[in-house]
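Undergrad: Numbering-wise (the working numbering), the sequence shown opens with residue 25 and increments by one.
Beta carbons are placed, not taken as given, at the ideal position from N, Cα and C, and that holds for glycine.
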Amino acid sequence: MPNKEKQEAKEAVKEEKNKDKKRIQELEEELAKANAAVDHWKNEYYRAYADTKNLRTNLEKEHSEAMKYRAMGFIEELLPVLDSFHMALETEPNSPEVKNYLVGFQFIYRNFVSALENEGVKEYAPKVGDKFSADKMDAVDTTEQEGEENLVTRVYAKGYELHGRLIRPARVSVSKNKKEEQPKESVKADA
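(1) Closest to F109 by C-alpha separation, out of Y125, I48, S119, would be which residue?
(2) Is DSSP giving T115 helix, strand or coil here?
(3) Can you check DSSP and say which residues form a bridge with A181?
(4) Closer than 7 Å by C-beta to A173: which residues in its own chain qualify, once you throw out the five before and the five after it? Chain order, please.
(5) Note down the Cα distance separating K66 from A60, rounded to an integer number of angstroms.
(6) Relative to the C-alpha of R189, which candidate in P117, S157, K203, G144 has its C-alpha closest?
(7) Report the partner residues of V145 according to the DSSP bridge assignment.
(8) Can you tell me the Cβ-Cβ gap for K160 and A194, rounded? I've got them flagged as a contact below 8 Å.
(9) In angstroms, rounded to a whole number, what distance separates the CA positions of E170 and R80?
(10) Can you list, in chain order, the residues of its chain with a C-beta nearer than 6 Å to that of T167? Leave out the 5 residues immediately preceding and following it.
(11) For Y184, which of S157, V164, E100, T115 has the nearest alpha-carbon?
(12) Between which residues of its own chain and K182 is the CB-CB distance below 6 Å, once the five residues before and five after are set aside?
(13) Whole angstroms is fine: what's the gap from E50's alpha carbon to K43's?
(14) DSSP state of A95, grouped into three classes?
(15) Would a C-beta distance cut-off of 8 Å place L113 and F136 closer than the cut-off?
(16) Quick check on E35: does DSSP put it in helix, strand or coil?
(17) Going by DSSP, name the residue or residues bridged to T166.
(18) Answer with buried or exposed for E32, where buried requires no fewer than 16 other C-beta atoms within 10 angstroms of its C-beta.
(19) Hey, F156 and L186 are a contact pair by Cβ (cut 8 Å); roughly how many whole angstroms apart?
What follows is the structure in structure tokens.
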């Protein structure tokens, strides 16, 4: 019987070892799953953090752009007033009273232009003879003349930019070569 008891004891120990091995294997599997979950959520956290940081950067950039160009619509509304001032100042006064008013208008015009420049507005005024630039000019008319084509022949209105962004293109007349009229060929009718 002692052998039998010994045998039973050995089997009980063996069974305990098998249970412990199974339990250790189960715990190792649970630990591997927990480590995988930790890695997954750590990656999700870093991804969400990066997305949030990118979103913040984009929002700050958009806000900066919006603040930079916030006055664009208002300035567009003021440009006809500026054009009117410019046309009034180009006229030659024919009486001393009008000349005195013109001095006041020049003062107001300079203050107006200074305020716009402080806001970031720059005037773009092409000169007669400059090469036409479709980026900054709008051709509203063409003039036939000899010589090179696509030259500014007349400036109708100046162009304006706000911090490098075009508000309104300069309105100009552009040269084109005269077309030579060729004699029309007479069509003979078969009789």
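TA: With the structure as the only source:
(1) Position 85 of the sequence shown, counted from the start, is the residue given in the question as residue 109. The shortest C-alpha separation from F109 is found at Y125.
(2) The residue labelled residue 115 in the question sits at position 91 within the sequence shown. It is coil, neither helix nor strand.
(3) By one-based count along the sequence shown, residue 181 stands at place 157. According to DSSP, which records beta bridges pairwise, A181 is partnered with R195.
(4) Locating residue 173 in the sequence shown gives position 149, counting from the first residue. The identity of residue 173 in the sequence shown is Glu, whereas the question assumes Ala. Only S199, K200, N201 meet the Cβ criterion.
(5) Looking up residue 66 in the sequence shown gives position 42. Looking up residue 60 in the sequence shown gives position 36. Each residue's alpha carbon lies about 10 Å from the other.
(6) Here residue 189 is taken as the residue at index 165 of the sequence shown, counted from 1. With distances taken between Cα atoms, R189 lies closest to G144.
(7) Start at 1 with the first residue of the sequence shown, and residue 145 comes out as number 121. V145 pairs with L186.
(8) Counting from one through the sequence shown, the residue named residue 160 turns up at place 136. Counting from one through the sequence shown, the residue named residue 194 turns up at place 170. Going by Cβ atoms, the distance from K160 to A194 rounds to 6 Å, so yes, they are a contact pair.
(9) Indexing the sequence shown from 1 puts residue 170 at position 146. Indexing the sequence shown from 1 puts residue 80 at position 56. If I take the Cα positions, the gap works out to 58 Å.
(10) Taking the sequence shown and counting its residues from 1, one reaches residue 167 at position 143. Cβ within range, chain order: T177, S197, S199.
(11) Working through the sequence shown from its first residue, we reach residue 184 at position 160. Per the Cα distances, E100.
(12) In the sequence shown, the residue the question calls residue 182 occupies position 158. Closer than 6 Å at Cβ, skipping near neighbours: E147, A149, A194.
(13) Within the sequence shown, residue 50 is the residue found at index 26, counting from 1. Within the sequence shown, residue 43 is the residue found at index 19, counting from 1. One C-alpha to the other measures close to 10 Å.
(14) Counting from one through the sequence shown, the residue named residue 95 turns up at place 71. Note: A95 maps to coil in three-state DSSP.
(15) In the sequence shown, counting from the first residue as 1, residue 113 sits at position 89. In the sequence shown, counting from the first residue as 1, residue 136 sits at position 112. Not in contact: L113 and F136 (Cβ atoms no closer than 8 Å).
(16) On the sequence shown, position 11 is the one that residue 35 refers to. DSSP places E35 in helix when its eight states are reduced to three.
(17) Locating residue 166 in the sequence shown gives position 142, counting from the first residue. The partner list for T166 (beta bridge, DSSP) reads V198.
(18) For the purposes of this step, residue 32 is taken as residue 8 along the sequence shown, with counting starting at 1. Classification for E32: exposed.
(19) Counted from its first residue, the sequence shown places residue 156 at position 132. Counted from its first residue, the sequence shown places residue 186 at position 162. With 8 Å as the limit, F156 and L186 do not qualify as a contact, their Cβ atoms being about 23 Å apart.
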